[in-house]
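So the structure is just underneath, and the comments pick up after that.
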Amino acid sequence: MNILITGGAGFIGSNFIRYILHSTDYQVINVDKLTYAGNLDSLIDLNENNSYIFELADICNKKELSRLFDKYRPDKVMHLAAESHVDRSIDSPMEFINTNILGTYVLLEVSRNYWMKLDDDKKNKFRFHHISTDEVYGSLAKDDLFTELSPYKPSSPYASSKASSDHLVRAWYSTYGLPILITNCSNNYGPYQFPEKLIPIIILNALNGKKLPIYGDGMQVRDWLYVEDHARALLIVIEKGGVGETYNIGGSNEKTNLEVVNEICVILDELIPSKFKEIISYTDLIEFVSDRPGHDIRYAIDASKINKELNWSPSETFETGLRKTVEWYLVNNEWCSRVLNGDYRYQRLGIKN
Ligand SMILES: NC(=O)c1ccc[n+]([C@@H]2O[C@H](COP(=O)([O-])OP(=O)(O)OC[C@H]3O[C@@H](n4cnc5c(N)ncnc54)[C@H](O)[C@@H]3O)[C@@H](O)[C@H]2O)c1
1043 MNILITGGAG
1053 FIGSNFIRYI
1063 LHSTDYQVIN
1073 VDKLTYAGNL
1083 DSLIDLNENN
1093 SYIFELADIC
1103 NKKELSRLFD
1113 KYRPDKVMHL
1123 AAESHVDRSI
1133 DSPMEFINTN
1143 ILGTYVLLEV
1153 SRNYWMKLDD
1163 DKKNKFRFHH
1173 ISTDEVYGSL
1183 AKDDLFTELS
1193 PYKPSSPYAS
1203 SKASSDHLVR
1213 AWYSTYGLPI
1223 LITNCSNNYG
1233 PYQFPEKLIP
1243 IIILNALNGK
1253 KLPIYGDGMQ
1263 VRDWLYVEDH
1273 ARALLIVIEK
1283 GGVGETYNIG
1293 GSNEKTNLEV
1303 VNEICVILDE
1313 LIPSKFKEII
1323 SYTDLIEFVS
1333 DRPGHDIRYA
1343 IDASKINKEL
1353 NWSPSETFET
1363 GLRKTVEWYL
1373 VNNEWCSRVL
1383 NGDYRYQRLG
1393 IKN
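Dropping the structure here:
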């Protein structure tokens, strides 16, 4: 079987490709435009793997995508390519509209044209798996959980562009019968996450003796999932998920942002006490900064459907996953330096008017 994966050079994509190549004999074709968030350095260990192919392409480019479909004749498509950072979507929404909405549309059309011409056996087995986020549901009241039936109420340009793409994917199923699957997952964390998201930025700032910025009062709750647990869920869904179905994926690990930052500091204090005399604990570096506009208060996932129907549950607790993550960043500082190019140096985004 061969799987065409878009956005495989990003955080989740690179972890997923590594997972799939280690646990199956599938061939993977990674189609990625290599934006600032996509780095072949994250896949360097797979360069010699005969089951892995990289193709540099933009999912908005219909001609190029059609060529790749003709060349590789994929059995399944897994769509992870996206602009994914909420703060960037506030500063410059256009790229989010282009890649997340228009790019998804182009990929759906190329997939549909390809799928229609397949023989019956290959046509029946074909799947288009769209990887999405819990942010499409908007902010939750205390004690509620997002189910697959929760209404869409996205707050940020990022979330609304992902919500639009989810609607397109469902429409291609209802209207054209394209065999789709959708997963909506909570916040991921783990190795190879670009250092602009909360967990890596806190680790790297702490190591450099820089302030640890917390948006607003830090009481925003997110449901954290270790990226390998997400990778395992994605493989189960593409292999066993019901056509047309949506599955919510979450870690049942609700934490406030402040708790996350405090827990990182505790692990760092233990593993690598600060070399700066004035910093007794890394928590001394915590600084509350102005909140993100439209910042959702709480996300939390009810993952009982994927648990009951596909027998998936997360393996890592937040404590074990976070420790692994911190340890990974400690030994992979060089990866961080390499992926940070001249354009982005940890600056605050998403607050200019
Ligand atoms: N990170 C999370 O916590 C999280 C949670 C739930 C869902 N998701 C979804 O999972 C997917 C992957 O997220 P991530 O965190 O790995 O994102 P990421 O930003 O780390 O990676 C995105 C990848 O897509 C590529 N890309 C962007 N635009 C492209 C285009 N036009 N054509 C081809 N490739 C393009 C980038 O080069 C990069 O490799 C996204 O769809 C995101 O919405 C992420």
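Each residue of the sequence shown is one higher than the last, beginning at 1043 in my numbering.
All C-beta atoms in this analysis are idealised placements derived from N, C-alpha and C, irrespective of residue type, glycine included.
Keep in mind it's a predicted model, so treat the numbers as computed, not measured.
Buried or exposed (CB count within 10 angstroms, at least 16 for buried), residue i
i: Asp1087; result: exposed
i: Met1120; result: buried
i: Glu1177; result: buried
i: Ser1206; result: buried
i: Val1279; result: buried
i: Ser1197; result: buried
i: Pro1315; result: exposed
i: Asp1162; result: exposed
i: Ser1084; result: buried
i: Asn1166; result: exposed
i: Gly1284; result: exposed
i: Asn1230; result: buried
i: Glu1358; result: buried
i: Thr1367; result: buried
i: Glu1238; result: buried
Residue i (DSSP reduced to helix, strand or coil)
i: His1171; result: strand
i: Phe1330; result: strand
i: Asn1230; result: strand
i: His1064; result: helix
i: Asn1375; result: helix
i: Lys1165; result: helix
i: Pro1255; result: strand
i: Phe1188; result: strand
i: Thr1217; result: helix
i: Thr1077; result: coil
i: Asn1290; result: strand
i: Leu1267; result: strand
i: Leu1410; result: Residue 1410 is absent from the structure shown; the chain starts at 1043 and stops at 1395.
i: Lys1366; result: helix
i: Glu1090; result: coil
i: Val1279; result: helix
i: Asn1295; result: coil
i: Asn1072; result: strand
Sub-8 Å separation of residue i and residue j beta-carbons
i: Val1148; j: Leu1107; result: yes
i: Ala1273; j: Asn1057; result: yes
i: Tyr1179; j: Tyr1194; result: yes
i: Trp1157; j: Leu1220; result: yes
i: Thr1175; j: Lys1204; result: yes
i: Ile1291; j: Ser1228; result: yes
i: Lys1118; j: Phe1168; result: yes
i: Asn1396; j: Leu1240; result: Because the chain in this structure spans residues 1043 to 1395, residue 1396 falls outside the shown range and cannot be described.
i: Phe1236; j: Phe1053; result: yes
i: Asp1265; j: Glu1296; result: yes
i: Cys1378; j: Leu1267; result: no
i: Gly1293; j: Ile1132; result: no
i: Val1269; j: Gly1232; result: yes
i: Phe1138; j: Ala1342; result: no
i: Val1350; j: Tyr1289; result: Note on residue identity: the sequence assigns Lys, not Val, to residue 1350. No.
i: Ala1051; j: Asn1091; result: no
Selection from the options that minimises the alpha carbon distance to residue i
i: Lys1253; options: Arg1274, Ser1323, Thr1217 and Gln1262; result: Ser1323
i: Glu1281; options: Ala1183, Val1308 and Leu1223; result: Leu1223
i: Phe1096; options: Arg1109, Leu1046, Lys1195 and Asp1344; result: Leu1046
i: Ile1243; options: Val1302, Tyr1289, Pro1196 and Ser1206; result: Val1302
i: Asp1186; options: Phe1170, Ser1355, Arg1340 and Asn1375; result: Arg1340
i: Thr1048; options: Thr1325, Met1261 and Cys1102; result: Cys1102
i: Tyr1114; options: Val1073, Gly1055 and Asn1081; result: Val1073
i: Thr1325; options: Thr1362, Ile1256 and Glu1296; result: Ile1256
i: Val1308; options: Trp1354, Glu1296 and Glu1369; result: Glu1369
i: Ala1038; options: Asn1349, Arg1380 and Glu1125; result: Missing from the structure shown is residue 1038; the chain here goes from 1043 to 1395 and no further.
i: Glu1287; options: Lys1159, Trp1354 and Arg1212; result: Arg1212
i: His1337; options: Asn1247, Gly1260, Pro1135 and Asp1112; result: Gly1260
i: Ile1062; options: Gly1145, Gly1080 and Ser1093; result: Ser1093
i: Arg1109; options: Val1152, Glu1137, Gly1080 and Met1136; result: Val1152
i: Pro1199; options: Arg1334, Ser1379 and Ile1054; result: Arg1334
i: Pro1116; options: Glu1090, Leu1160 and Lys1075; result: Leu1160
i: Leu1310; options: Asn1081, Glu1361 and Lys1350; result: Glu1361
i: Leu1122; options: Ala1079, Gly1251, Thr1367 and Lys1350; result: Ala1079
i: Leu1313; options: Arg1365, Gly1145, Ile1143 and Lys1350; result: Arg1365
i: Val1331; options: Gly1145, Gly1258 and Glu1320; result: Gly1258
i: Leu1276; options: Asp1112, Ile1173, Ser1065 and Asn1140; result: Ile1173
i: Ser1355; options: Asn1142, Asp1271, Gly1055 and Lys1075; result: Asp1271
i: Val1373; options: Leu1249, Leu1352 and Glu1320; result: Leu1249
i: Asn1375; options: His1064, Leu1076 and Tyr1234; result: Tyr1234
i: Asp1067; options: Asn1044, Thr1077 and Gly1055; result: Asn1044
Contact with chain C by residue i, beta-carbon distance below 8 Å
i: Arg1169; result: As a matter of chain content, chain C is missing from the structure shown, which is built from one protein chain.
(Q) Please give the ranges of any beta strand (DSSP E) in the region 1315-1364, keeping only runs that are unbroken, at least 3 residues long and fully inside the region. (A) 1328-1331
Review point. Going along the chain, which unbroken runs of the beta strand (DSSP E) with 3 or more residues stay wholly within the region 1096-1147?
Key: 1118-1121
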